[in-house]
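Report on the following structure.
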Amino acid sequence: LGQNPHICEHGECIDHRKHRNSIVIPLVASICGGLILLVTVTAILWILRRRRKSKASMVEKDQSEISEQHTKQEGSLQQSKKQICSHSDICKITNNFNTIVGKGGFGTVYLGYIYDIPVAVKILSPSSFRGYEQFQAEVTLLLRVHHKNLTSLIGYCDEGSNKSLIYEYMANGNLLEHLSGKHSKSKFLSWEDRLRIAVDAALGLEYLQNGCKPPIIHRDVKSSNILLNEHFQAKLSDFGLSKIIPDDGGSHLSTVVAGTPGYLDPDYYTNNRLTEKSDVYSFGVVLLEIITGQQVIARNEERCHIIEWVRSLVAIGDIKAIVDSRLEGDFDINSAWKAVEIAMACVSLRPNQRPIMSVIVFELKETLATELARTKPNSSAESIEPVNLDFSAQLIPLAR
Numbered sequence: 001l002g003q004n005p006h007i008c009e010h011g012e013c014i015d016h017r018k019h020r021n022s023i024v025i026p027l028v029a030s031i032c033g034g035l036i037l038l039v040t041v042t043a044i045l046w047i048l049r050r051r052r053k054s055k056a057s058m059v060e061k062d063q064s065e066i067s068e069q070h071t072k073q074e075g076s077l078q079q080s081k082k083q084i085c086s087h088s089d090i091c092k093i094t095n096n097f098n099t100i101v102g103k104g105g106f107g108t109v110y111l112g113y114i115y116d117i118p119v120a121v122k123i124l125s126p127s128s129f130r131g132y133e134q135f136q137a138e139v140t141l142l143l144r145v146h147h148k149n150l151t152s153l154i155g156y157c158d159e160g161s162n163k164s165l166i167y168e169y170m171a172n173g174n175l176l177e178h179l180s181g182k183h184s185k186s187k188f189l190s191w192e193d194r195l196r197i198a199v200d201a202a203l204g205l206e207y208l209q210n211g212c213k214p215p216i217i218h219r220d221v222k223s224s225n226i227l228l229n230e231h232f233q234a235k236l237s238d239f240g241l242s243k244i245i246p247d248d249g250g251s252h253l254s255t256v257v258a259g260t261p262g263y264l265d266p267d268y269y270t271n272n273r274l275t276e277k278s279d280v281y282s283f284g285v286v287l288l289e290i291i292t293g294q295q296v297i298a299r300n301e302e303r304c305h306i307i308e309w310v311r312s313l314v315a316i317g318d319i320k321a322i323v324d325s326r327l328e329g330d331f332d333i334n335s336a337w338k339a340v341e342i343a344m345a346c347v348s349l350r351p352n353q354r355p356i357m358s359v360i361v362f363e364l365k366e367t368l369a370t371e372l373a374r375t376k377p378n379s380s381a382e383s384i385e386p387v388n389l390d391f392s393a394q395l396i397p398l399a400r
């Protein structure tokens, strides 16, 4: 055996290294396996927890958006984010176009509901002349303007040939329907009602001209485009013909004439010069409608325009003949005269002689305050919102 230490003398040979390995290897394997299992379980739990948190966060976000966009509190629709809807959404909202609430050159308007809140859905008619151009103009404009006296765009659909606009629902239709008595639930408008509507409409126009940068010209101001909500608050609508004045220092646009006969500014019609004073002229015609209750163009052989009819009566100082006879004299004479003076200043043939909208708003609020002093002696002008007036502009000349 001599020099070979690896040969056992007694025939029994025990390899201590193998013995140690037989113990250590399984132990290490068990520990490693346990660690791997622990890491795996921890990773799975972490992933599940993250997914749960992410899902909860998404649900919370969705609920927050729904709450923000569809809350049933008053005014929620005006504050909601604009929605891009599919045509199938429009079908659901209108209950497959079940109830018609109006028709116009653009198309048909249907009653719809979003989370039980009524909305008006205007569907573009495929045969509408320049309809898609007006659709795009209205969406683009209403996405950037927000005012209590402008109708609010809730959403729109631009899917192939299916084009539609979703607005807040204006329960009392348009001003023309009430002045003419043609609304199904027509309310006779008192002198105070009429002045409040005039102030609302003027505030909407004043915002377009002074509150928007660059200014916006509505281009189709008329009584049928002044809508009334459930509280008879007036809002301007139908911005399909509106134009934005280029921000290049110019004061007018040279453009093809568009608008409604009877309301068109003669200077714009003759010279294709569209200015902010073009809307002032149209508003003056609307104000004459409000005062008189007469049609813009008489439907008789003479076809007399409302401006000429009022001018002839102003010349002889007959205010009672000018004001709507259905009021039966229930108005303040000074208030009526002031309203007529404002209207006639607006429809001056020379654009530079027409007042700016901020002056018109100020003067109309004064007119309303005069009427309130008669009907509600305890009320004051404090109930009428103030307006920032540019006194550099010429005030309304007297017609009396």
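Numbered per UniProt numbering, the sequence shown spans residues 1 to 400.
Ideal Cβ positions, reconstructed from N, Cα and C, are used throughout, including at glycine.
Distance CB(Ser190)-CB(Leu287) smaller than 9 Å: no
Using only the alpha-carbon positions, how far apart do Asp220 and Asp116 sit? Linking Asp220 to Asp116 through their CA atoms gives a straight-line distance of about 32 Å.
Starting from Asp116 and walking both ways along the alpha helix (DSSP H), at which residues does that stretch end? Asp116 -> no alpha helix (DSSP H), and no H or E assigned at all.
Tell whether a beta-carbon distance below 9 Å holds between Ser325 and Thr367. no
Measuring CB to CB, does Tyr263 end up less than 9 Å from Val285? yes
Rounded to the nearest angstrom, what separates Asp200 and Glu206 at their Cα positions? 10 Å
Delimiting residues of the alpha helix (DSSP H) encompassing Asp200: 191-206
What residues are listed by DSSP as bridge partners for Tyr281? BP columns for Tyr281 are empty, so no partner.
Nearest-angstrom beta carbon gap, Ser237 and residue 433 [assumed within contact, 8 Å]: The shown model of the chain, from 1 to 400, leaves out residue 433, and the question about it has no answer.
Residue 448 lies in the alpha helix (DSSP H); which residues open and close that run? Within the shown structure, residues of the chain are numbered from 1 to 400, placing residue 448 beyond reach of any answer.
Between the stretch 131-148 and the stretch 86-98, are three or more C-beta pairs nearer than 8 Å? Taking 8 Å as the limit for Cβ pairs, the verdict is that the stretch 86-98 does not touch the stretch 131-148.
Measure the Cβ-Cβ separation of Leu203 and Lys122 and say whether it is below 9 Å. no
First through last residue of the alpha helix (DSSP H) which encompasses Gly131: 131-142
Alpha-carbon spacing of Ile245 relative to Leu208, whole angstroms: Between Ile245 and Leu208, the C-alpha separation is close to 11 Å.
So, is Ser88 buried or exposed, given that buried needs 16 or more other C-beta atoms within 10 angstroms? exposed
Is the beta carbon of Leu176 less than 9 Å from the beta carbon of Glu289? Closer than 9 Å, so yes.
What whole-angstrom Cβ distance do Pro214 and Thr275 have, given they're in contact under 8 Å? Not confirmed; about 13 Å, so no contact.
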